[in-house]
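Peer 1: Counted from 1, the sequence shown has number 247 at position 247 by full-length UniProt numbering; the numbering is strictly sequential.
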Amino acid sequence: MTTSPDILCIGSVLWDIIGRTASHMRVGSDVPGRITRLPGGVAMNIAMTLRRFDMTPALLTAIGRDAEGEELISEAERMGMHCAGIYRSDDLPTDVYMAVEGANGLIAAIADAHSLEAAGEKILRPLADGRLGSEDTPYQGLIALDGNLTEELLQKIAGSPLFRAADLRVAPASPGKAERLLALLGHPSATLYVNLEEAGLLCQQQFDAAPDAAEALVARGAHRVLVTDGGRLAAECTAGDLITATPPEVMVTRITGAGDTFMAAHIASEAQGLARQEALVRALRAAATYVSGETPF
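So this is what it looks like as structure tokens:
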């Protein structure tokens with residue numbers, strides 16, 4: 001591939017194994033449904049959506065040299081992603097995510113990102129060795145950063161000269177990992193993409209609506225935030241400047257990957273020159289189309 005990447009997607013790239021059913025579920029339910037295996041992980045989900053917007057992402061992650069890893073690399077390259085900077089481990093297996101979704105929402109999920117966590121800052125080598133940048137000439141473009149990275153690595157990124165010139169876009173991997181992003185709250189160019197629950201965890205309080213959560217995060221030191229709340233009002237806030245928009249109403253048929261789709265659509269919209277309000281509305285529309293089960297774009 002000869003084209004240069006438009007954005008770096010740093011974080012989890014793995015296989016998603018998702019079981020979905022049209023039935024309501026509870027603990028111990030055993031119901032018919034469909035089980036799929038697709039490329040996934042926050043960084044990969046963002047990259048796949050960016051490709052649909054004709055952007056060219058480069059992946060910085062850890063993938064094993066096992067059969068699953070070889071297949072995953074092939075899929076990423078087939079979709080038009082840059083994979084030359086991926087850290088390939090002989091000892092670590094390719095990561096995997098497993099979830100069960102019912103008619104009543106996400107029932108349970110397990111993210112096995114142990115290989116990504118074990119690889120640590122090895123995945124950032126292309127930003128330091130001259131392939132994508134160095135301390136003297138840091139990377140100056142867009143970076144989508146995934147909260148599956150360890151808290152220690154996120155803290156290093158927050159103070160690293162390798163990221164000082166980047167337009168940093170950050171998403172938690174899940175509410176359970178949201179507090180890892182506290183290290184990036186004061187970063188001067190970081191935009192945080194969180195849902196209402198994750199915003200509450202970062203602020204250690206509960207919020208009734210996205211606008212309140214967005215303003216509270218900025219007051220805590222965030223440079224810029226976007227807060228979503230399912231089908232309810234979403235908000236973007238920076239330096240006291242708040243805008244809001246409401247997603248279109250749709251029938252929800254899938255959940256996993258919705259936040260990543262929103263983030264990628266918003267990044268692509270801004271990269272293509274859309275104004276703040278237009279970018280927010282377009283991203284909400286893309287996420288709503290995704291959860292409805294239709295072709296996103």
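Quick reminder that beta carbons are idealized off the backbone N, C-alpha and C, glycines included.
Can you name the residues that DSSP bridges to residue 339?
Peer 2: What is shown of the chain runs 1 to 297, which leaves residue 339 out entirely.
Peer 1: Rounded to the nearest angstrom, how far is the Cβ of T94 from that of I63, given a contact under 8 Å?
Peer 2: If you number the sequence shown from 1, residue 94 lands on position 94. If you number the sequence shown from 1, residue 63 lands on position 63. Right, the Cβ-Cβ distance comes to about 5 Å (below 8 Å), so this counts as a contact.
Peer 1: Would you mind working out which of G40, I7, L106 and A190 sits nearest V252, comparing C-alpha positions?
Peer 2: Along the sequence shown, read from residue 1 onward, the residue named residue 252 stands at position 252. Nearest of G40, I7, L106 and A190 to V252, Cα basis: L106.
Peer 1: Residue ranges of each beta strand (DSSP E) run of no fewer than 3 residues wholly in the segment 119-182, ordered along the chain?
Peer 2: Counting only runs of 3 or more, we get 142-146 and 167-171.
Peer 1: Give me the Cα-Cα distance between E236 and G230, rounded to the nearest whole angstrom.
Peer 2: Position 236 of the sequence shown, counted from the start, is the residue given in the question as residue 236. Position 230 of the sequence shown, counted from the start, is the residue given in the question as residue 230. Distance between the alpha carbons of E236 and G230 is about 15 Å.
Peer 1: Taking the alpha-carbon positions, what's the P5 to Q204 distance?
Peer 2: In the sequence shown, residue 5 corresponds to position 5, counting from 1. In the sequence shown, residue 204 corresponds to position 204, counting from 1. Near 37 Å, if we compare the C-alpha coordinates of Q204 and P5.
Peer 1: Looking at the unbroken alpha helix (DSSP H) that takes in P211, where does it start and where does it end?
Peer 2: Here residue 211 is taken as the residue at index 211 of the sequence shown, counted from 1. Element bounds for P211: A210 to A219.
Peer 1: Sorted by chain position, which residues of the same chain lie with C-beta nearer than 6 Å to H187's C-beta, five sequence neighbours on each side aside?
Peer 2: Taking the sequence shown and counting its residues from 1, the one referred to as residue 187 is at position 187. Here the set comprises A158.
Peer 1: I think N45 touches T261, with their Cβ atoms under 8 Å apart; what is that distance to the nearest whole Å?
Peer 2: Working through the sequence shown from its first residue, we reach residue 45 at position 45. Working through the sequence shown from its first residue, we reach residue 261 at position 261. Between T261 and N45 the Cβ distance is about 7 Å, and since that is below 8 Å, they are a contact.
Peer 1: Check whether the Cβ atoms of G40 and T256 lie closer than 9 Å to each other.
Peer 2: Walking along the sequence shown from the start, residue 40 turns up at place 40. Walking along the sequence shown from the start, residue 256 turns up at place 256. Yes. Within cutoff.
Peer 1: Closest to H114 by C-alpha separation, out of T56, T150, A165 and A190, would be which residue?
Peer 2: Here the question's residue 114 lines up with position 114 in the sequence shown. When each option's Cα is compared against that of H114, the closest is T150.
Peer 1: Checking 9 Å against the spacing of the C-beta atoms, do L185 and R220 come in under that value?
Peer 2: The residue labelled residue 185 in the question sits at position 185 within the sequence shown. The residue labelled residue 220 in the question sits at position 220 within the sequence shown. Result yes, Cβ atoms of L185 and R220 sit closer than 9 Å.
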